[in-house]
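Read through the structure below, which is laid out as structure tokens, and then see the notes.
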Amino acid sequence: MDVFIIGQAIHPPAARIGDKRLEELVFDTAHAALADAGVRRAQIDHVTIAGCDELDGRSISSMLLAAPAGAQLRDEMKCTDSGLTGLCVEAMRLESGIFELGLLVSWCKPSTAPLEDVMRMRCEPFYTRPIGLNMAITDGLFAQAAGAEYGFDEYGADEAVQDCYRRASHNPRGMRHAVPGVADIATSPYVAAPLRRAHQAPITDGAVAMVVVSGDWLKRNPRARPLARVSGIGWRNEEYDLGRERLAGLKSFRGAIGDSLGRAGLKDCGALDLIELDSQTGFHELAYRAALGEQAPAAISPSGGAFAQNPYFCTGLINAAEAVLQVAGQAGPVQVAGARHAMAHGCHGFAQQGNVAVILESA
Amino acid sequence: MMGKEIVALIGTGQTKFKTHYADKTYVELAQDAAKLALDDAGMEPGEIDAVVFSMAPTQFMGVNDCDRWATSHVWGAGKPFMRIHAGGATGGSALHAGYIHIASGMYRNVLVVGADRVAETPDAQHVLNLIWDRFYEHDFALNTVTMTALAAQRYMSRYGMTEEQFARVVVRARKNAMGNPYAHLRGDITVDDVLNSPRVAYPYKRFDICPRSSGAAAVVLSNLDVAKAKCSRPAFVNGVSAITHSVFMGDRMGVYSDTEFSDHDGEHIAAHEAYRQAGITDPSSQIQVAELYDPFSTFQFPMLESLGFCGRGRAAAISDAGGWDLHSGHVAVGPSGGTLCTNPIGVTGLVRVVDAANQVMGKSGQNQVKGVKNTVATAAGGSTQFFTVTVLGEDYTAPGKSVGGAQQ
Chain A
208 MDVFIIGQAI
218 HPPAARIGDK
228 RLEELVFDTA
238 HAALADAGVR
248 RAQIDHVTIA
258 GCDELDGRSI
268 SSMLLAAPAG
278 AQLRDEMKCT
288 DSGLTGLCVE
298 AMRLESGIFE
308 LGLLVSWCKP
318 STAPLEDVMR
328 MRCEPFYTRP
338 IGLNMAITDG
348 LFAQAAGAEY
358 GFDEYGADEA
368 VQDCYRRASH
378 NPRGMRHAVP
388 GVADIATSPY
398 VAAPLRRAHQ
408 APITDGAVAM
418 VVVSGDWLKR
428 NPRARPLARV
438 SGIGWRNEEY
448 DLGRERLAGL
458 KSFRGAIGDS
468 LGRAGLKDCG
478 ALDLIELDSQ
488 TGFHELAYRA
498 ALGEQAPAAI
508 SPSGGAFAQN
518 PYFCTGLINA
528 AEAVLQVAGQ
538 AGPVQVAGAR
548 HAMAHGCHGF
558 AQQGNVAVIL
568 ESA
Chain B
2 MMGKEIVALI
12 GTGQTKFKTH
22 YADKTYVELA
32 QDAAKLALDD
42 AGMEPGEIDA
52 VVFSMAPTQF
62 MGVNDCDRWA
72 TSHVWGAGKP
82 FMRIHAGGAT
92 GGSALHAGYI
102 HIASGMYRNV
112 LVVGADRVAE
122 TPDAQHVLNL
132 IWDRFYEHDF
142 ALNTVTMTAL
152 AAQRYMSRYG
162 MTEEQFARVV
172 VRARKNAMGN
182 PYAHLRGDIT
192 VDDVLNSPRV
202 AYPYKRFDIC
212 PRSSGAAAVV
222 LSNLDVAKAK
232 CSRPAFVNGV
242 SAITHSVFMG
252 DRMGVYSDTE
262 FSDHDGEHIA
272 AHEAYRQAGI
282 TDPSSQIQVA
292 ELYDPFSTFQ
302 FPMLESLGFC
312 GRGRAAAISD
322 AGGWDLHSGH
332 VAVGPSGGTL
342 CTNPIGVTGL
352 VRVVDAANQV
362 MGKSGQNQVK
372 GVKNTVATAA
382 GGSTQFFTVT
392 VLGEDYTAPG
402 KSVGGAQQ
């Protein structure tokens, strides 16, 4: 693919960003990305935004947020699946040949729209809503099914969570949560067995933006210094209904990764230097690692992933921004030495109904 | 000039539209439209490489992110699947998202599908009040009816339109819809019927306003190789463009504004780019059919002017003279009856594309316009701040590099 990232910004996360309206959060992040790229808003020819009305607490939230995202009098497109899906849309828009210089912005401020309330209303009204299904329960079902399939249990999840926090503690762009003891994790209350409260990555507010250009634009602007090339993208969805095969098969995870590897011309994940996983729980971390198997790269989620910061809707795009920093050699204390190929992963929906993978290469 | 790959629309499908579907769930409606489009394209679900789902606010139908529920029903499970949302402009934007899947060279066949059930909520205008700014606008009685009424008043003041002229738009739309078996509202009504319907918000009476519709629509997009093999008469997607404004209406009028709110001139910017891509230099002579996103009778005139079919303030007089009539006009405007007769918000823009494509493909039945070579389909959303313009043609424009995006 002939798509490059020339600037980006990650808004400092917080459990609750209380001193800014959502519009200000979005504007500040978009503005910082443009500044990082050294381009003016007047130069961009399109904007892609990724946001979720329900998590924004507003119908058609782009009405108020498109302009702060830089889209005033620009060709703007909004996807609602996940922030990382937004990067796939943005890459396709550039690859189509119609556009050359774009701004991608995604955000999530769940402190103002409680995640579990939103998720409960994702249940269809006939079968799953009456029984009270929600995100925690679907993640619990996923943990049971994946554990049986891949042979791990909640004790393994306890250790996986601690390891995630340990990596996250070195990430200056994350929350720097204290690293909990395994016993603290193992004795936290159950939310949906075998899933305990401490197995879940803490939700945060946050936002991320990227300036993305075509190869043609880069050739005409040789002074621009690309941070990374987007070499492969892939995204897949699975069934909404939660059967055992759906829960444990990880089909869309494998499919999205396979698509992105194919586009990047890479044989398997062993060709990557690192992968940033969107593991919403310790069980997700174990399941994804098991699915990667022997092909897993040496470094998995050096940033700490969702346990560093977790603005739920755009955590996957935060992973992409971390991967960009890795292949640009700018990841700081969590830098993987010599990283040239990195994959960002994102998931969305009940029990990771959808998965997205994007491969970033050194430019 | 367009994208790297030529994009053809080779199959269309839409359900009948009505207030309620008591016998079908939301996802069954979406499936019906998907099946119709696949059948029309001569395709099996397995031939579809990716799916784009068209859905605007889910608060009308009551299931958050309802596209996830619909994934399997539209044969999207196991495939690349995404949802596009741009308020009322959603259907147009979803079509554009489908377009880039193929124009980028990444996919061969894409299904764009969606459904809406606007009347599931007892008060859609309450939901539409919640789209406004929480601190400054919620507490006004602002909704899409009162918002567009304000714009209509300004348009009337600028150009001297009358309520009778808007009423003729409704009469023409309802008459056209009589030949569209999928339309929600239809009928042989008079200008007096419109003028005597209950007042809602000046200048609107009830008949000036679209219904709350339920139903679904879908199209199959393919690359040129597939189109040649599958379809004897495709509609080529030759121009796609969109423009987004600030939400604040007050910032879009007056001497310091880039644009004029009441003129819907964001659509002019998008049309200019879409026409450039499609090689349209004289819309009035090159485009035979316009399917507009016109949920209110007052939308047609400024939209036709923004699309370049006539000068500012001229569309009403042409309407009075029958210039936009179905079979006898210069350009057939809304031959399907348009959005005034059918408005399932999350897919209305896609319905406009379906109807415009059917005209190119010669599938519009008794509403078929003779000699159609190019059609234009629009969508609009938010505080009339999102506009999409799509140009369809019987021939394709040569692929190549173009630098898109309107700049002010």
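Residue numbers (the working numbering), protein chains in the order written: chain A, 208 to 570; chain B, 2 to 409. Positions of the beta carbon are idealized from the N, C-alpha and C atoms, including for glycine. This structure is a prediction, so every number in the text was calculated from the model and none was measured.
Contacts around residue i, its chain only, beta-carbon distance under 8 Å, and the 5 residues preceding and following it disregarded
i                : result
Gln502 (chain A) : Asp475, Cys476, Gly477
Phe234 (chain A) : Pro275, Ala276
is_contact[residue i, chain A] using C-beta, thresh 8 Å
i                : result
Gly93 (chain B)  : no
Ile101 (chain B) : yes
Trp325 (chain B) : no
Pro303 (chain B) : no
Met83 (chain B)  : yes
His86 (chain B)  : yes
Lys19 (chain B)  : no
Lys25 (chain B)  : no
Trp76 (chain B)  : no
Ser242 (chain B) : yes
Gly394 (chain B) : no
Test: residue i CB closer than 8 Å to a CB of chain B
i                : result
Asp485 (chain A) : no
Gly304 (chain A) : yes
Asn562 (chain A) : no
Gly465 (chain A) : no
Asn428 (chain A) : no
Glu356 (chain A) : no
Gly390 (chain A) : This sequence places Ala at residue 390 (chain A); Gly is not what is there. So no, Ala390 (chain A) is outside the interface.
Short Cβ contact (8 Å threshold) for residue i with residue j
i                : j                : result
Cys554 (chain A) : Gly523 (chain A) : yes
Gly14 (chain B)  : Ala218 (chain B) : yes
Glu283 (chain A) : Ala243 (chain B) : yes
His552 (chain A) : Val541 (chain A) : no
Ile251 (chain A) : Arg281 (chain A) : yes
Val254 (chain A) : Gly277 (chain A) : yes
Gly12 (chain B)  : Thr391 (chain B) : no
Arg169 (chain B) : Val192 (chain B) : yes
Phe82 (chain B)  : Glu121 (chain B) : no
Pro437 (chain B) : Ala153 (chain B) : The question about residue 437 (chain B) has no answer, for chain B in this structure spans 2 to 409.
Ala38 (chain B)  : Cys232 (chain B) : no
Gly354 (chain A) : Asp346 (chain A) : no
Pro303 (chain B) : Ser263 (chain B) : yes
Sequence-distant residues of its chain with Cβ nearer than 6 Å to residue i (five each side left out)
i                : result
Gly422 (chain A) : Asp209
For residue i, the three-state DSSP class (helix, strand or coil)
i                : result
Cys554 (chain A) : strand
Arg403 (chain A) : strand
Leu301 (chain A) : helix
Asn562 (chain A) : strand
Glu307 (chain A) : coil
Gln408 (chain B) : Confidence is the limiting factor: at Gln408 (chain B) the pLDDT is only 32, short of 50, which leaves the residue's position unreliable, though a coordinate-based value still follows. The answer is coil: DSSP assigns Gln408 (chain B) none of H, G, I, E or B.
Tyr397 (chain B) : coil
Phe490 (chain A) : helix
Arg327 (chain A) : helix
Val128 (chain B) : helix
Ser329 (chain B) : coil
Rounded C-alpha distance that separates residue i from residue j
i                : j                : result
Gly180 (chain B) : Leu449 (chain A) : 44 Å
Cys286 (chain A) : Met326 (chain A) : 18 Å
Leu225 (chain B) : Pro46 (chain B)  : 19 Å
Lys176 (chain B) : Glu446 (chain A) : 43 Å
Leu571 (chain A) : Phe460 (chain A) : Because chain A here runs from 208 to 570, residue 571 (chain A) falls outside it and cannot be looked at.
Ala104 (chain B) : Ile7 (chain B)   : 6 Å
Gly99 (chain B)  : Val227 (chain B) : 15 Å
Ala244 (chain A) : Thr16 (chain B)  : 47 Å
Tyr397 (chain A) : Ala528 (chain A) : 33 Å
Lys402 (chain B) : Ile212 (chain A) : Bear in mind that the predicted position of Lys402 (chain B) carries a pLDDT of just 39, short of 50, making it unreliable; the figure below should be weighed with that in mind. Their backbone Cα atoms lie some 20 Å apart in a straight line.
Pro219 (chain A) : Ala350 (chain A) : 31 Å
Gly269 (chain A) : Asp134 (chain B) : Gly is not the amino acid found at residue 269 (chain A); the sequence shown has Ser there. Their Cα atoms are separated by approximately 11 Å.
Asp466 (chain A) : Glu568 (chain A) : 16 Å
Gly43 (chain B)  : Asp321 (chain B) : 42 Å
Ser384 (chain B) : Ala237 (chain A) : 22 Å
Tyr156 (chain B) : Thr163 (chain B) : 10 Å
His328 (chain B) : Val370 (chain B) : 6 Å
Contacts around residue i, its chain only, beta-carbon distance under 7 Å, and the 5 residues preceding and following it disregarded
i                : result
Pro284 (chain B) : Tyr276, Leu308, Gly309, Phe310
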